[in-house]
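Enquirer:
Number of protein chains: 6
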Amino acid sequence: MDRVKTGIAGLDEMLNGGIPSGRHVALYGGPGAGKTSFCFEFLYQGAKAGEAGLYITLEETTEDILENMKSTFPMFADTQKLVASNKLEIVKPDKLDLEEVANVLEDRITSNGIKRAVIDSATMIRMSFGTEIEYRQTLFEFLSLLRNLDVTSITTVEATTAKREEMKYDIEHFVMDGIINLYNLDREDRRVRALEVFKMRGTDHSRDLVPFKVTPKGFKVYVGEKVF
Amino acid sequence: MDRVKTGIAGLDEMLNGGIPSGRHVALYGGPGAGKTSFCFEFLYQGAKAGEAGLYITLEETTEDILENMKSTFPMFADTQKLVASNKLEIVKPDKLDLEEVANVLEDRITSNGIKRAVIDSATMIRMSFGTEIEYRQTLFEFLSLLRNLDVTSITTVEATTAKREEMKYDIEHFVMDGIINLYNLDREDRRVRALEVFKMRGTDHSRDLVPFKVTPKGFKVYVGEKVF
Amino acid sequence: MDRVKTGIAGLDEMLNGGIPSGRHVALYGGPGAGKTSFCFEFLYQGAKAGEAGLYITLEETTEDILENMKSTFPMFADTQKLVASNKLEIVKPDKLDLEEVANVLEDRITSNGIKRAVIDSATMIRMSFGTEIEYRQTLFEFLSLLRNLDVTSITTVEATTAKREEMKYDIEHFVMDGIINLYNLDREDRRVRALEVFKMRGTDHSRDLVPFKVTPKGFKVYVGEKVF
Amino acid sequence: MDRVKTGIAGLDEMLNGGIPSGRHVALYGGPGAGKTSFCFEFLYQGAKAGEAGLYITLEETTEDILENMKSTFPMFADTQKLVASNKLEIVKPDKLDLEEVANVLEDRITSNGIKRAVIDSATMIRMSFGTEIEYRQTLFEFLSLLRNLDVTSITTVEATTAKREEMKYDIEHFVMDGIINLYNLDREDRRVRALEVFKMRGTDHSRDLVPFKVTPKGFKVYVGEKVF
Amino acid sequence: MDRVKTGIAGLDEMLNGGIPSGRHVALYGGPGAGKTSFCFEFLYQGAKAGEAGLYITLEETTEDILENMKSTFPMFADTQKLVASNKLEIVKPDKLDLEEVANVLEDRITSNGIKRAVIDSATMIRMSFGTEIEYRQTLFEFLSLLRNLDVTSITTVEATTAKREEMKYDIEHFVMDGIINLYNLDREDRRVRALEVFKMRGTDHSRDLVPFKVTPKGFKVYVGEKVF
Amino acid sequence: MDRVKTGIAGLDEMLNGGIPSGRHVALYGGPGAGKTSFCFEFLYQGAKAGEAGLYITLEETTEDILENMKSTFPMFADTQKLVASNKLEIVKPDKLDLEEVANVLEDRITSNGIKRAVIDSATMIRMSFGTEIEYRQTLFEFLSLLRNLDVTSITTVEATTAKREEMKYDIEHFVMDGIINLYNLDREDRRVRALEVFKMRGTDHSRDLVPFKVTPKGFKVYVGEKVF
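Chains as they are written, first to last, in my numbering: chain A, 3 to 230; chain B, 3 to 230; chain C, 3 to 230; chain D, 3 to 230; chain E, 3 to 230; chain F, 3 to 230.
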């Protein structure tokens, strides 16, 4: 099976080599959980390895995203270079609409051979739907369109609670191919960050909850270490 | 009493020989709980034993399902052969509607002597109903139609919470003949998968919670092992 | 005081001899909790002792009920004979309506001297009411009609949660003369079935929670044994 | 201060002599908690001591109430005599309406010198109101009418949960002069009944939770005994 | 800073001398928590010290309030005298409306030099508002009017739950200058009363939870004693 | 990276030097949690260091705010001087509207070189929106406007529960650049105040929960001390 190496230290090991190629993964997390850093690293590592990446932002401007990338990781000193060489694109679609997102994605794949995509965030899309079934069907059709494209994607989803035990399953949990959860767990006197691969179609994977950190050298997952 | 051997290691033992023939079972589980693997195994084991099976998909395309089957189990190398020999059919009805599902099922039983069916999922149907009583009555009538057909079925239902203790009873719990629950339990530092037979009309059954795994050799239930 | 012996091993002891004659009892339980087995046993034991019984089904067909009776208890081998001799009747009213249920009941009492009745289930009736007070008044009037008839009844009610501690009081709790709860309790690695008499107007009763089993020889309550 | 001795063993001690005369008390309890037995005892003890009592029933018929009284307490053998001598009246108002209740009460006080009243139940009244404030104002005006009458009353209120810790304050909690709670507490393997005086305007009172029983000799409160 | 001594034993100590003059405090408590006793004591102690006080009742009649004062505290024997000498006024406004309350207050300050006021209760006002923001703005404007008057006030607010841990913040929590909470805590076998100063603008204060009692000699706060 | 030193003892250390310049931070807290003291200190310390500050109040009047500042901190004796010298401005916009807030802010930056701003509170704004997505988009556009201005801001948000574990993520949690939480934690016999930096884009930061106090000398964060 083809796999896309995320390049995130520790995570590829948990995934037995990487995300199965062509799969579409939801990345869940609360505010400050590290979703953006995870996505940057996924695209950056791809770009360094020669796979062009696209960041589709549905709320923040492209300038904000670029600014954020730079200030988060010193190593992103070469981000500008990656952008200049078209290995890293940031696009804000004109409309807050999944069809528009698919159009942007298809266009950039055709023009620039994009292999990795980040969609930030599904929550912005979902808010604009009246009923659950409408959103589910639209999201499902969107994924069907994506399956015809040769791309592996990560879509961020905003978690609504800090408590891991209280996770309710959302529509994305059932529809997406994979789910990676980022937690900012409450350990009495401090917060501890942890990651788990909750679901990944097409591959076996670790079911452990592991600590992670966002370091100046990037997003690190400490496989084999205990959170508790 | 006639019984349909699921062929799932361990499960038939829990059911004192298998699902009573002609019964209609709900399979509950969250995302990534293993519902699809369970259903594949149920149909695959039937097909290998000469009982033709039908997978009715209400969301994913037939191609997606076939693709998923192949990537999940290496042993499904012979799936193609089973499909070619009509021992395994995958159909997506034209409408998201229980009457249509019953029509498809009846047609395939008449034409191809289907003995086992999977309906994936009741949740897709339920979403389209306005009130509980409407859905309940429709589901009940659907089961009445099914009772006139010589088939044993499994219908997947999406669970809405990861916590076993918080299970609320849904309409399917009362209407269906049997309930098998798949859990992805939160054990502090990791997730543990477990299965229980919650209800099965027409037979006594184990009431234990037992661990299960989806291995390259198929879906295995570890009867006699402890989850906690 | 006149009492109706349920004939269920252990239960009559908990009730100091049986259900006070002419009282109307709600039987609460989740799916697979054993409500149907309890009701069968109540009618079967009555029929064997010469008291004609009536099973009023509001959802399943009379054929389904009869089929279920046979497959649940081997001892029901003589059910057919009881049905043939009019000691056991199963009726499905034309309408889902309490007035209709009362008519059926009155008619069968007049024609066949019915002494015990089962109404399965109140939940089906309740779903068709818009407001709580409407349902309550209708249920109350229904009970008033029943009080003029010489019959002792059990009405099943579907519980909505598996947790005994989370029981909310429903309208039936206040209106009916008695309440018997059947639980399918979560004991970490397995489910344990237990029964309690929660309320019984007109008699003192045990307030213990006791284990029960549905055995091939019938419904058994293990008075004096601990659940925990 | 004038006090009305309830005559219930133990309770008058908890109230430092009885309910302050002319006060209006809410009696909370779930189904089977013992509300009706409590009310019977309150009226019976008054009648025996020469104080005429009135039971205003808003749901059950007067015949039902009388029947219930007899079957609950053997000592009510002399109930009939009390009824015949007008020391105990049971009335069902024509309308489910607080103004009607006040009219009935005033009429019976004038005609028969009623000193103690039971209104069963506030829940029936409340269900017929659309908004909280409407019900509150009506209940308040009703109490104002009652304050002009020389009577001490107990109004039953149906509790909605079995858990003492989850008690939410209802409108009656704030408006009524006193609150007595009856609990049917969940002690793992059985239910234990307990009473507390939660609020009583115009007198100090015990704040202990104490066990109670409904015995053939009446309602007994075991002051000084522990529930846990 | 000017402070208004509440005169309540222990409380002034917790407030470092009293409520900052001209501040408006919310007094939270469930039924029977002691809100009314607290308010009586606040006005009584003021009146004894020469500061005229006004009790604005929005639900009960002025006669009820006076009656309650007398029956609660034997020491209120001299209440009548205080009322006669205009040191203590009880008024029920014609309308349930904050503007009306402000008019009454302003009028009594002008005519009678009122220094302390009690408004009982905000809950009555709140119930008449459709939306949260309307109520909040009206309450805020009301406080603005009050700030132009030379008066220190306590407004009672009805708490909706008995559990201290479950306190949700209400509009009054944010808008009022101070919050004093009265609890009737559930200690297994009995209820224990406790007080805390939750918020007080313009002064530092104790953050301890302390027991209190309503004794025949008045409202006593036991600073330095433990509740648990 | 440019940083704005908050001047709050301990906090700048937790932020590795201060809030990244030009970022917009949400300050969460319940009533009496210390939000206002925190904001005053932030502006006061800026003004003392030569950075002009603006307090935009959306509920209280400018006079109230000034009054509050004086009574909270004795050290604010020189507040008047700071106000006179235009180093500290307090403004109440004419409309409760984010566009109006942005106009005020831009105008004061142009006229008076404002570097630090406080907006008190987002909750007042949010209440006036019908749907979540409308508020989110408006808040987002507002932040976009702010990003064009050379200012660092703190916006207060009212927390709705006292329990840290029950924090639900609000729209502000996702949209704002940083989140600082102030807690008034329930420690059985008293309340303990604690602060955490929950999220801060563009800088690493402490994830500890640390105690804080509002002392006459200002807002102090006790880094390195335990809350539990």
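Positions of the beta carbon are idealized from the N, C-alpha and C atoms, including for glycine. Just so we're clear, the structure is a prediction, and the values are computed from it rather than from any experiment.
So the candidates are F:Lys170, F:Leu145, F:Ala54; which of them puts its Cα closest to the Cα of Ser113 (chain F)?
Expert: On the sixth sequence, residue 113 (chain F) is found 111 positions in, with the first residue counted as 1. Comparing Cα positions, the closest option is F:Ala54.
Enquirer: Roughly how many angstroms separate the alpha carbons of Tyr57 (chain B) and Ile116 (chain A), rounded to a whole number?
Expert: Reading the second sequence from its first residue, position 55 is the one you call residue 57 (chain B). Reading the first sequence from its first residue, position 114 is the one you call residue 116 (chain A). Going from the Cα of Tyr57 (chain B) to the Cα of Ile116 (chain A) covers about 35 Å.
Enquirer: Helix or strand or just coil, what does DSSP make of Asn186 (chain D)?
Expert: Position 184 of the fourth sequence, counting from 1, holds the residue named residue 186 (chain D). Asn186 (chain D): strand per DSSP, three-state reduction.
Enquirer: Quick check on Val216 (chain E) - is its C-beta less than 8 Å from some C-beta in chain F?
Expert: Start at 1 with the first residue of the fifth sequence, and residue 216 (chain E) comes out as number 214. Not closer than 8 Å to any Cβ of chain F, the Cβ of Val216 (chain E) fails to qualify, so no.
Enquirer: Could you name the residues of chain A that Arg193 (chain B) contacts, counting a contact when the two beta carbons are closer than 9 Å?
Expert: Within the second sequence, residue 193 (chain B) is the residue found at index 191, counting from 1. Result: Glu198, Phe200, Arg209, Asp210, Leu211.
Enquirer: Whole-angstrom Cβ separation of Val159 (chain D) and Thr125 (chain D), contact assumed at under 8 Å?
Expert: Position 157 of the fourth sequence, counting from 1, holds the residue named residue 159 (chain D). Position 123 of the fourth sequence, counting from 1, holds the residue named residue 125 (chain D). Yes, Val159 (chain D) and Thr125 (chain D) are in contact; Cβ-Cβ is about 6 Å, under 8 Å.
Enquirer: With a threshold of 8 Å, are at least 3 pairs of Cβ atoms found where one atom belongs to the region 57-67 of chain C and the other to the region 89-99 of chain C?
Expert: Verdict: yes, contact present.
Enquirer: Go ahead and label Gln139 (chain F) buried or exposed: buried means 16 or more other beta carbons lie within 10 angstroms of its beta carbon, across all protein chains shown.
Expert: Counting from one through the sixth sequence, the residue named residue 139 (chain F) turns up at place 137. That one is buried.
Enquirer: Using a Cβ-Cβ cut-off of 8 Å (strictly less than) and excluding sequence neighbours within five positions of Met3 (chain B), which residues of its own chain qualify?
Expert: Here residue 3 (chain B) corresponds to residue number 1 of the second sequence, with the count starting at 1. Excluding residues within five positions, the ones whose Cβ falls inside 8 Å are Pro22, Ser23, Gly204, Thr205.
Enquirer: Mind listing, in chain order, the continuous beta strand (DSSP E) runs of no fewer than 3 residues lying wholly within the region 42-81 of chain B?
Expert: Qualifying beta strand (DSSP E) stretches, in chain order: 55-59.
Enquirer: 8 Å is my cut-off, CB to CB: does Thr162 (chain B) come that close to chain A?
Expert: Start at 1 with the first residue of the second sequence, and residue 162 (chain B) comes out as number 160. Yes, contact with chain A.
Enquirer: Would you call the region 38-51 of chain C and the region 84-91 of chain C in contact, with 3 or more CB pairs under 8 Å?
Expert: Short answer: they touch.
Enquirer: Indicate whether at least one CB of chain D lies closer than 8 Å to the CB of Met129 (chain E).
Expert: The count along the fifth sequence starts at 1 and reaches residue 129 (chain E) at position 127. For Met129 (chain E), the answer is yes, since a Cβ of chain D falls inside 8 Å of its Cβ.
Enquirer: Using a beta-carbon distance below 8 Å, is His26 (chain E) in contact with chain F?
Expert: In the fifth sequence, the residue the question calls residue 26 (chain E) occupies position 24. No, its Cβ sits nowhere closer than 8 Å to a Cβ of chain F.
Enquirer: Residues of chain E with CB closer than 7 Å to the CB of Val6 (chain D), please, in chain order.
Expert: The residue given as residue 6 (chain D) occupies position 4 in the fourth sequence. Near Val6 (chain D) there are no residues of chain E at all, since even the closest Cβ is about 15 Å away, more than 7 Å.
Enquirer: Output, in chain order, the set of chain C residues within a Cβ distance shorter than 7 Å of Arg203 (chain B).
Expert: Taking the first residue of the second sequence as 1, we reach residue 203 (chain B) at position 201. Residues of chain C passing the Cβ test: Asn70.
Enquirer: Should Met126 (chain A) be flagged as near chain B, meaning a C-beta pair shorter than 8 Å?
Expert: One-based indexing of the first sequence puts residue 126 (chain A) at position 124. False, the Cβ-Cβ gap to chain B never drops below 8 Å.
Enquirer: Any contact between the region 101-113 of chain C and the region 97-112 of chain D? By contact I mean 3 or more CB pairs, one from each, below 8 Å.
Expert: No, because fewer than three Cβ pairs between the region 101-113 of chain C and the region 97-112 of chain D fall closer than 8 Å, the two stretches do not touch.
Enquirer: Could you run through the region 172-193 of chain C and flag, in chain order, every residue whose CB is less than 8 Å away from some CB of chain B?
Expert: Of all residues in the region 172-193 of chain C, Asn186, Asp188, Glu190, Asp191, Arg192, Arg193 have a Cβ within less than 8 Å of some Cβ in chain B.
Enquirer: For the alpha helix (DSSP H) containing Thr205 (chain B), list its first residue and its last residue.
Expert: Mapped onto the second sequence, residue 205 (chain B) falls at position 203. Where Thr205 (chain B) is concerned, there is no enclosing alpha helix (DSSP H), given that its DSSP letter is neither H nor E.
Enquirer: At a Cβ threshold of 8 Å, is Gly32 (chain D) touching chain C?
Expert: Position 30 of the fourth sequence holds residue 32 (chain D). Gly32 (chain D) counts as touching chain C.
Enquirer: Assuming Glu190 (chain B) contacts Phe230 (chain A) (C-beta within less than 8 Å), just tell me the rounded distance between them.
Expert: The residue you call residue 190 (chain B) lines up with position 188 of the second sequence. The residue you call residue 230 (chain A) lines up with position 228 of the first sequence. The pair is a contact, with the Cβ atoms about 5 Å apart (cut-off 8 Å).
Enquirer: Rounding to the nearest angstrom, what Cα-Cα distance links Ser155 (chain A) and Leu148 (chain A) in this structure?
Expert: The sequence position of residue 155 (chain A) within the first sequence is 153, counting from 1. The sequence position of residue 148 (chain A) within the first sequence is 146, counting from 1. Going by the C-alpha atoms only, they are around 9 Å apart.
Enquirer: List, in order along the chain, the chain E residues whose C-beta lies closer than 9 Å to that of Val229 (chain D)?
Expert: Translated into positions along the fourth sequence, residue 229 (chain D) becomes position 227. By Cβ distance, chain E contributes Glu190, Asp191.
Enquirer: Evaluate the contact criterion for the region 216-224 of chain E versus the region 12-31 of chain F: three or more CB pairs, one atom per stretch, below 8 Å.
Expert: No: the two stretches stay apart, fewer than three of their Cβ pairs being nearer than 8 Å.
Enquirer: Could you please give the first and the last residue of the uninterrupted beta strand (DSSP E) stretch that includes Asp14 (chain C)?
Expert: As a first step, residue 14 (chain C) must be located in the third sequence, where it is residue number 12. Not the beta strand (DSSP E): Asp14 (chain C) falls in the alpha helix (DSSP H), residues 13-16.
Enquirer: Just list the residues that DSSP pairs His26 (chain E) with in beta bridges.
Expert: Taking the first residue of the fifth sequence as position 1, residue 26 (chain E) is located at position 24. Paired residues: E:Ser155.
Enquirer: Does DSSP put Glu227 (chain E) in a helix, a strand or coil?
Expert: For this step, residue 227 (chain E) is matched to residue 225 along the fifth sequence. If DSSP states are grouped into helix, strand and coil, Glu227 (chain E) belongs with coil.
Enquirer: Which partner residues does Glu91 (chain C) have in the DSSP bridge list?
Expert: Along the third sequence, one-based indexing puts residue 91 (chain C) at 89. According to DSSP, Glu91 (chain C) bridges with C:Leu56.
Enquirer: The alpha helix (DSSP H) with Phe142 (chain F) in it runs from where to where?
Expert: Residue numbering aside, residue 142 (chain F) sits at position 140 when the sixth sequence is read from its first letter. It spans 134-149 - the alpha helix (DSSP H) in which Phe142 (chain F) sits, taken as one unbroken run.
Enquirer: Taking Val223 (chain F) as the reference, which of F:Leu184, F:Glu62, F:Asp188 has the closest Cα?
Expert: Against the sixth sequence, residue 223 (chain F) aligns to sequence position 221. Per the Cα distances, F:Leu184.
Enquirer: Under 8 Å, CB to CB, which of the residues in the region 86-115 of chain D have a partner in chain C?
Expert: Flagged: no residues at all.
Enquirer: CB Leu29 (chain B) to CB Thr157 (chain B), shorter than 8 Å?
Expert: Here the question's residue 29 (chain B) lines up with position 27 in the second sequence. Here the question's residue 157 (chain B) lines up with position 155 in the second sequence. In contact: Leu29 (chain B) and Thr157 (chain B) (Cβ atoms closer than 8 Å).
Enquirer: Mapping the DSSP letters down to three states, classify Thr112 (chain B) as helix, strand or coil.
Expert: The sequence position of residue 112 (chain B) within the second sequence is 110, counting from 1. Three-state result, Thr112 (chain B): helix.
Enquirer: Just to confirm my understanding: we take Cys41 (chain C), look at its own chain, exclude 5 residues before and 5 after, and list those with CB closer than 8 Å. What are they?
Expert: Here the question's residue 41 (chain C) lines up with position 39 in the third sequence. Taken in chain order, the residues that qualify are Leu29, Tyr57, Val120, Asp122, Ile156, Thr158.
Enquirer: Going straight from the alpha carbon of Arg110 (chain B) to that of His26 (chain A), what length do you get?
Expert: Locating residue 110 (chain B) in the second sequence gives position 108, counting from the first residue. Locating residue 26 (chain A) in the first sequence gives position 24, counting from the first residue. Distance between the alpha carbons of Arg110 (chain B) and His26 (chain A): 33 Å.
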